[in-house]
Amino acid sequence: MLLRQRAGDLLARVRYAGERFVIERHGEAVAALVSIDDLHRLEAADQLAAAQRTQRQEALSQAQAVRDAILARRGGALLPDSADEVRRLREDRADALAGLRGH
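Residue numbers (my numbering): 466 to 568.
Shown next, in the form of structure tokens:
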């Protein structure tokens, strides 16, 4: 009821002062009164988020295709764990450096 009584005042405050209002029904937020500029920003943010989501999905699909191609070329054998390979390379490097220090 308050919204109907004060609609003109609220709309002016939204339009000219950029204020935002949450509309509640039975104590629960059900809508918001925002400026058209705020609405455009929200819509642009939604579009950007959707585009980013699509890009991530496409990247995941491409990664899956690469993984499938690698598995096919290797006859289904998985590549070695890269963490194990990095650890081995670090150990080899540490051993080589220790050998240099010992001479």
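Each residue gets a CB set at the ideal place from its N, CA and C atoms; glycine is no exception.
Item                                                                           : Value
Opening and closing residue of the beta strand (DSSP E) in which Arg485 lies   : No beta strand (DSSP E) holds Arg485; DSSP gives it neither H nor E.
Under 9 Å between C-beta atoms of Gly483 and Asp503                            : yes
Range of the contiguous alpha helix (DSSP H) that encloses Ala510              : Ile501 to Arg538
Segment limits, beta strand (DSSP E) that includes Ala542                      : Where Ala542 is concerned, there is no enclosing beta strand (DSSP E), given that its DSSP letter is neither H nor E.
Candidates Ala534, Ile501, Ala514 and Arg558: closest to Tyr481 by CA position : Ile501
Within 9 Å, strictly: CB atoms of Val487 and Leu498                            : yes
Cα-Cα separation, Ala516 to Gln522                                             : 10 Å
Residues near Arg478 in its chain [Cβ-Cβ closer than 6 Å; skip 5 each side]    : Glu484
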